[in-house]
Amino acid sequence: MASSMRSLLSDHRRYFEAFRSFLSNSTEHQCMQEFMDKQLPGIIARIGDAKSEIKILSIGGGAGEMDLQILSKFRARYPGVPIINEVIEPSAEQITKYKELVAKTSNLENIKFVWHKETSSEYQNRVMEKKEIQKWDFIHMIQMLYYVKDIPATLKFFHSLLATNAKILIILASGNSGWGKLWKKYGPRLPRNDLCLYITSSHLTQILDNLGIKYECYDLLSTMDITDCFIEGNENGELLWDFLTETCNFTATAPPGLKAEIMKDLQEPELSIRKEGKVLFNSSMSFIVIEP
Ligand SMILES: C[S@@+](CC[C@H](N)C(=O)[O-])C[C@H]1O[C@@H](n2cnc3c(N)ncnc32)[C@H](O)[C@@H]1O
Numbered sequence: 001m002a003s004s005m006r007s008l009l010s011d012h013r014r015y016f017e018a019f020r021s022f023l024s025n026s027t028e029h030q031c032m033q034e035f036m037d038k039q040l041p042g043i044i045a046r047i048g049d050a051k052s053e054i055k056i057l058s059i060g061g062g063a064g065e066m067d068l069q070i071l072s073k074f075r076a077r078y079p080g081v082p083i084i085n086e087v088i089e090p091s092a093e094q095i096t097k098y099k100e101l102v103a104k105t106s107n108l109e110n111i112k113f114v115w116h117k118e119t120s121s122e123y124q125n126r127v128m129e130k131k132e133i134q135k136w137d138f139i140h141m142i143q144m145l146y147y148v149k150d151i152p153a154t155l156k157f158f159h160s161l162l163a164t165n166a167k168i169l170i171i172l173a174s175g176n177s178g179w180g181k182l183w184k185k186y187g188p189r190l191p192r193n194d195l196c197l198y199i200t201s202s203h204l205t206q207i208l209d210n211l212g213i214k215y216e217c218y219d220l221l222s223t224m225d226i227t228d229c230f231i232e233g234n235e236n237g238e239l240l241w242d243f244l245t246e247t248c249n250f251t252a253t254a255p256p257g258l259k260a261e262i263m264k265d266l267q268e269p270e271l272s273i274r275k276e277g278k279v280l281f282n283s284s285m286s287f288i289v290i291e292p
């Protein structure tokens, strides 16, 4: 690995620029929306039974778009039941965006929002130190487990916080996606530090099996338009390169040989398909539902 390559998450501004570019060029949130509309109502059908309030914990909620979708399903299933929605999110900028979104969204009465600017492990330490173990009815971790250092310990801890009938929803890259293949082959040559673990649902389900935690796993197809990655100097393409490789300024800092190799593989049918002149990367996701 070239020494000048560094993890994308080490530069927060660039990370969120690349993430926004990824969202605008992919069906990521549409695919999640489909899951929320079709599967989530059944998954949460019994969570709030006989409860006077519902407690939801969002880990890495970002700007809140998906969090609000989840909340709308709880409101529809349990009209009038007060909801407490606490958010664990280390980025102050994302929390500001989340608050702005809440401020301009209607039908959120009955929901109390609390934001904590911290990582999941900081939350874990805070809770353990205070010895105030609060139970939760629904915990979700959407596209954030890559950034957690000790995944087994994190899963074990959050699993221990589940109340009666509660569930955890984890969304992350499917083991069968282009991400899985890309990271398996190139992960060792990309910045490897504790800021990003190149994990997919294949690793996660192995960890859950080892912990003896029961789960159900659903896969949904999502794609990312990476056509701009093949246009030299294209700004959007550069951001997408960063997001694909989780590397800050990848095209400027990667050894030329590495970029050429990845570029060739990105066009292979196991990673992408060609449609109407576009190159669509397979960014399928797994939706993992865990029970107490
Ligand atoms: C890919 S974004 C996903 C945001 C949102 N869940 C979504 O899907 O739109 C990852 C989020 O995880 C947050 N994050 C990074 N490391 C974290 C950690 N250790 N604990 C909690 N959140 C973290 C980031 O700040 C970012 O908002």
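In full-length UniProt numbering, the protein residues as written are 1 to 292. A virtual CB, placed ideally from N, CA and C, is assigned to each residue, including glycine.
Identity of the residues DSSP links to residue 217 by a beta bridge: Mapped onto the sequence shown, residue 217 falls at position 217. DSSP, once it has assigned bridges, lists 288 as partnering residue 217.
Residue 7 beta carbon near ligand 1 (any heavy atom closer than 6 angstroms): On the sequence shown, position 7 is the one that residue 7 refers to. It does not: the Cβ of residue 7 is nowhere closer than 6 angstroms to a heavy atom of ligand 1.
At 3 residues or longer, what runs of the beta strand (DSSP E) sit wholly inside the stretch 14-72? 54-59
By DSSP, does residue 77 sit in helix, in strand, or in coil? Numbered from its first residue, the sequence shown carries residue 77 at position 77. Correct three-state label for residue 77: helix.
With distances taken between CB atoms, is the gap from residue 238 to residue 251 smaller than 7 angstroms? Numbered from 1 along the sequence shown, position 238 holds the residue referred to as residue 238. Numbered from 1 along the sequence shown, position 251 holds the residue referred to as residue 251. Against a cut-off of 7 angstroms, the Cβ pair of residue 251 and residue 238 comes out as a contact.
Hey, residue 116 and residue 151: beta-carbon distance below 7 angstroms or not? Looking up residue 116 in the sequence shown gives position 116. Looking up residue 151 in the sequence shown gives position 151. No, these two residues do not count as a Cβ contact at 7 angstroms.
7 angstroms Cβ cutoff met for residue 178 and residue 281: Taking the first residue of the sequence shown as 1, we reach residue 178 at position 178. Taking the first residue of the sequence shown as 1, we reach residue 281 at position 281. Cβ distance < 7 angstroms, so residue 178 and residue 281 count as in contact.
With a threshold of 6 angstroms, establish whether the CB of residue 147 neighbours any heavy atom of ligand 1. To locate residue 147, count along the sequence shown from 1; it is residue 147. Correct: residue 147 has its Cβ closer than 6 angstroms to ligand 1.
Quick one: give me the first and last residue of the beta strand (DSSP E) that residue 153 is part of. Here the question's residue 153 lines up with position 153 in the sequence shown. Per DSSP, residue 153 belongs to no beta strand (DSSP E); it is in the alpha helix (DSSP H), 151-159.
Taking 6 angstroms as the line, does the beta carbon of residue 143 fall inside it for any heavy atom of ligand 1? To locate residue 143, count along the sequence shown from 1; it is residue 143. Checking the Cβ of residue 143 against ligand 1 gives yes.
Helix, strand or coil for residue 137 per DSSP? Here the question's residue 137 lines up with position 137 in the sequence shown. It is a strand residue.
Quick check: what's the CA-CA separation for residue 292 versus residue 60? Position 292 of the sequence shown, counted from the first residue, corresponds to residue 292. Position 60 of the sequence shown, counted from the first residue, corresponds to residue 60. Cα-Cα distance, rounded: 21 angstroms.
Which class does residue 125 belong to by DSSP, given the choice of helix, strand or coil? For this step, residue 125 is matched to residue 125 along the sequence shown. Residue 125 falls in the helix class under three-state DSSP.
Three CB pairs or more closer than 8 angstroms across the stretch 8-28 and the stretch 241-260: yes
For residue 37, count the other beta carbons within 10 Å of its own beta carbon; 16 or more makes it buried, fewer makes it exposed. Which is it? Here the question's residue 37 lines up with position 37 in the sequence shown. Label assigned to residue 37: exposed.
Measure the alpha-carbon distance for residue 142 versus residue 171 and round it to whole angstroms. For this step, residue 142 is matched to residue 142 along the sequence shown. For this step, residue 171 is matched to residue 171 along the sequence shown. Looking at the two C-alpha atoms, the distance is approximately 5 angstroms.
Any non-hydrogen atom of ligand 1 closer than 6 angstroms to residue 62 Cβ: On the sequence shown, position 62 is the one that residue 62 refers to. Flag set: Cβ of residue 62 near ligand 1.
Starting from the Cα of residue 33, find the closest Cα among 221, 206, 270, 102 and give me that residue. For the purposes of this step, residue 33 is taken as the residue at position 33 of the sequence shown. For residue 33, the nearest C-alpha among the options comes from 221.
Just grab the DSSP bridge partners of residue 281 for me. Here residue 281 is taken as the residue at index 281 of the sequence shown, counted from 1. DSSP output for residue 281 lists 224, 272 as bridge partner(s).
Identify which residue in 10, 139, 21 has its Cα closest to the Cα of residue 235. By 1-based counting over the sequence shown, the position of residue 235 is 235. The shortest C-alpha separation from residue 235 is found at 21.
Just confirm the distance between the C-beta atoms of residue 160 and residue 201, as a whole number of angstroms; I'd bet it's less than 8 angstroms. Against the sequence shown, residue 160 aligns to sequence position 160. Against the sequence shown, residue 201 aligns to sequence position 201. Wrong, their Cβ atoms sit about 22 angstroms apart, outside the cutoff.
Ligand 1 and residue 177: does any heavy atom of the ligand fall closer than 6 angstroms to the residue's C-beta? By 1-based counting over the sequence shown, the position of residue 177 is 177. It does not: the Cβ of residue 177 is nowhere closer than 6 angstroms to a heavy atom of ligand 1.
Any heavy atom of ligand 1 closer than 6 angstroms to the CB of residue 66? What you label residue 66 is simply residue 66 of the sequence shown in a count that begins at 1. Under cutoff, so the answer is yes.
Separation of residue 63 from residue 74, as counted between CA atoms: Stepping through the sequence shown from its first residue, residue 74 is reached at position 74. Stepping through the sequence shown from its first residue, residue 63 is reached at position 63. Rounded to whole angstroms, residue 74 to residue 63 spans 19 angstroms at the Cα level.
Within 8 angstroms, do at least three Cβ pairs link the stretch 133-148 to the stretch 99-110? no
Give the single residue among 97, 4, 18, 138 whose Cα lies nearest to the Cα of residue 70. Residue mapping note: residue 70 aligns to position 70 of the sequence shown, counting from 1. The candidate whose alpha carbon is nearest that of residue 70 is 138.
Compare the Cα-Cα distances from residue 198 to each of 209, 210, 184, 58 and report the closest residue. The count along the sequence shown starts at 1 and reaches residue 198 at position 198. That would be 184, whose Cα lies nearest to the Cα of residue 198.
Buried or exposed (CB count within 10 angstroms, at least 16 for buried), residue 287: Taking the sequence shown and counting its residues from 1, one reaches residue 287 at position 287. Answer is buried; the Cβ neighbour count reaches 16.
So, helix, strand or coil for residue 173, using DSSP? On the sequence shown, position 173 is the one that residue 173 refers to. Strand at residue 173.
If you reduce the DSSP assignment to three classes, tell me which class residue 234 lands in. The sequence position of residue 234 within the sequence shown is 234, counting from 1. Residue 234 falls in the coil class under three-state DSSP.
For the alpha helix (DSSP H) that contains residue 207, what are its first and last residues? Start at 1 with the first residue of the sequence shown, and residue 207 comes out as number 207. Counting along the chain, the alpha helix (DSSP H) containing residue 207 begins and ends at 201-211.
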